[in-house]
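The block underneath contains the structure these notes are about, expressed in structure tokens.
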Amino acid sequence: MKILVVEDEPQLAQSITAFLESEGHICESAIDLSQALHMVDNIYDIIILDLNLPDGNGLEVVKKVKGKAMNTGVIIVSARDSLDNKIEGLELGADDYLTKPFQMAELNARLKSLVRRVHFKGEEKIEFNELMISPSELLVTVNKQILDLTKKEFDLLVYFIANKNRVLTKTGIGEHMSKDFMDYGFTDDFIYTHIKNLRKKLLKAGCGDYIRNVYGVGYKFTDVD
Amino acid sequence: MKLLTKSGLNFISASIFFFLFGSLGGYYFIRYAVDKFLNNELLEAKAKIELLDSDMPVQLTYADVSIDTLSSPIEFEEAFINDTVIRNPQTGNYEFYRKLCFDKEVHGQTLRYCIIRPSAPSDLMVMKFTLMLTVFPVLFFLILYFVNRESTKYSLSVFYDTIKKLRAFDVNKDNRLELMTSDVDEFEQLNEVFNSMGEKIKQDFERLKEYTENTSHELQTPLAIITSKLDELLQASNLTEEQIKTVAGLMETTNRLSKINQALIYLAKLDNRMFAEVEDIKLINLIREQLELLEPMIEDKALTLELTSGDNCNIRMNRSLAHTLIQNLLKNAIRHNVPGGFIKIDCQQQGLTICNSGVQLSGSPDELFKRFKKSGSHPQSLGIGLSVVKRICDISNIDVLYSCEDDIHSFELKFRENNEA
């Protein structure tokens, strides 16, 4: 995927770019609005967009991109988490909205989900060894056998596979699962319960034990020992 | 005591005092004057009688004079005056008289002259004078008092208005302190001071809110950088267990920081009245929705849930606020519960009660709704949820009460009649 990162904070831009490149994407970055507006004349698959730019509002970029009816996904990343901002951004055609600060794993999950939605019209299947997930049908199969998962467990599994081989902290997982929960809605125990259940179901269906505990600080979904 | 009552009471008690002494004094003064006048009359009569001896013609016009011949020698060389009661031969009534007696030797005989004058008319006069002295001023002062009272009341109306408005003044609300102008200089000055003070308080408060909001927003970006850098670090393959734990701890703390920050932004938004639009909300549906979301947590703690509800429990408030309110209360009931405990929810038209088992509250119940007050055993609680609850209730015209009996905690929301105001 070719991704444009519009972010005025060089440190953050560098982190995002480095991460995306490690995921195998091609990344370019713009540090202000004029540069971003200029750069979107090229075609990008995904734009990761900060709204508060030194020379203007990032929503201009959304307008321009969506105005050209290009098949470009836009993820807004903003420090402002007010509903109005969110709605305005999404109404203009942005595909997702992420509030700062966010974890890379979360950005990654959103990015992958966006790629599926925009570029594969949700038809793409996620495969991981014997696991096969069809997000549009909320279906998981292990060795072609259908696995019965709750919505949360399904969500968790997709999140894990999207971030395979990465250490995911418990807070990050909790964040992802609670989404718009302002306070800590989900305690460590709660996350633990969910993961325990998911793992049990996967193992029972004959799936390998991919969910690894990382020294009690988080989890890692991997098939590498 | 009201100023008006106070000054009125002072006025009345002072006037009673002065009138009492004034009329007593007046009485004695008139009494003295009239007595003197009467005595002078008698003495004048005496002088005239004494002239009888001379050859000059004398006419006694207004006094009864009796002359007794005494066999004894002169008893009263000087004239003496006393009061006496004499029977009126015509009416048969006893009447008060003033009598002047003196002895005089005439042709070797002692003659006693007694001049009497009725004193009743003069007594009456004294009474009338005194009465006049008392009644008219009393009437006069009463009228003065009422006129004064009304005028003071009128002037004070501005003052009362000021007090009323100051009492209703709330920096959080979008009302300005507009005080009446007065024709009384002192009140005018007072109101001027209050007006400028109110303006200043508002400005300071606005600035503070703005500051909080800006700071909170500005903090989000550095926090985002820290989070992403830590995440990068965490993914490195050559970390020891200790290092991973340290990094994870840092991430956790950063996350916590950003949560606090977000909560503060949310509170600032509540303060800024950013959730103004209201709608009718079926509370019971909202509760069911939230319970469904929280079900894993309830199951996790093996809590028994009891939900009772009346026919309709609608409330008119902002949807997003209702959402947050119910969520925070339910989460609170779950988080501070004991494994195997219970949650009882009773939803009625007048209010909502959420009861839960738990451990006894260690701090003061009054402190519960304050920001950053929390029980130490829940490191993941920010101590801000209940202050959000309180704030939402304040905004939405709901009374929120907390009570704790042994180890059962209950939160009671009472919807005020007119909760759309």
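Chains as they are written, first to last, in the working numbering: chain D, 21 to 245; chain S, 1024 to 1444.
Heads up, the beta-carbon is just placed ideally off N, CA and C, and yes, glycines get one too.
Treat the numbers as computed from the prediction; the structure is a model and nothing was measured.
Taking a C-beta cut-off of 9 Å against chain S, none of the residues of the region 133–162 of chain D qualify.
Sixteen is the threshold: since fewer than 16 other Cβ atoms of the shown chains lie within 10 Å of the Cβ of V1129/S, the residue is exposed. Each of E1435/S, T1235/S, M1220/S and Q1113/S was checked against the Cα of D1294/S, and the nearest Cα belongs to T1235/S. Taking 8 Å as the CB threshold, A1247/S lines the interface with chain D. The region 1266–1284 of chain S makes no contact with the region 90–102 of chain D, as fewer than three CB pairs between them are under 8 Å. Taken in chain order, the members of the region 163–174 of chain D whose beta-carbon sits within less than 9 Å of a beta-carbon on chain S are T170 and K172.
Between the alpha carbons of L53/D and L71/D lies a distance of about 9 Å.
About 12 Å separates the CB atoms of L218/D and M197/D; that is not less than 8 Å, and the two are not in contact. The alpha carbon of K88/D has as its nearest neighbour, out of V135/D, N62/D and K216/D, the alpha carbon of N62/D. At a Cβ-Cβ threshold of 8 Å, L57/D and E29/D do not count as neighbours. Rounded to whole angstroms, L1179/S and F1210/S show a C-alpha spacing of 8 Å. Within chain S, no C-beta atom comes nearer than 7 Å to that of T242/D; the closest sits roughly 11 Å away. Under DSSP, D70/D forms a beta bridge with V97/D. For H1346/S, the secondary structure class from DSSP, reduced to helix, strand or coil, is helix. With its beta carbon less than 8 Å from one in chain S, S35/D belongs to the interface. Excluding sequence positions up to five before and after V1181/S, its CB lies within less than 6 Å of the CB of M1203, S1205 and F1210, all in the same chain and listed in chain order. R1311/S sits in a helix when the DSSP states are folded into three classes. The closest CA to that of I1109/S, considering only F1099/S, E1098/S, E1100/S and K1122/S, is found on K1122/S. Annotated as proximal: Q123/D and T1250/S, with beta-carbon spacing under 8 Å. K1252/S and N163/D have their C-alpha atoms roughly 38 Å apart.
For a Cβ distance threshold of 9 Å, nothing in chain D lies close to S1426/S: the least Cβ distance comes to about 23 Å. Judged by DSSP in its simplified three-state form, D52/D adopts coil rather than helix or strand. Here the alpha carbons of Q1285/S and I1224/S stand approximately 26 Å from one another. Spanning the alpha carbons of C1137/S and I1039/S requires a straight line of approximately 44 Å. Shown here, I1407/S sits in coil according to DSSP, grouped into three states, outside any helix or strand. In this structure, the straight-line span from the alpha carbon of K132/D to that of K1305/S is close to 37 Å. In this structure, I1307/S places its C-beta atom within 8 Å of the C-beta atom of S1332/S. With a cutoff of 8 Å on beta-carbon distance, L118/D and R136/D are scored as not near each other. Neighbourhood of S1281/S in chain D, by CB distance below 7 Å: P121, in chain order.
Taking a C-beta cut-off of 7 Å against chain D, the contacting residues of the region 1250–1264 of chain S are T1250, S1251, K1252, D1254, E1255, L1257, Q1258 and E1264, listed in chain order. Taking 8 Å as the cut-off, the Cβ atoms of F180/D and F241/D count as close. Chain order gives the chain D residues near E1275/S as T189, K190, T191 and V237, where near means a beta carbon separation below 9 Å.
Here G236/D is not near N149/D, since their CB atoms are 8 Å or more apart. Beta-bridge annotation (DSSP): P1141/S is paired with Y1120/S.
DSSP places Q1373/S outside both helix and strand once states are collapsed to three, so it counts as coil.
At least 8 Å separates the CB of H1432/S from every CB of chain D.
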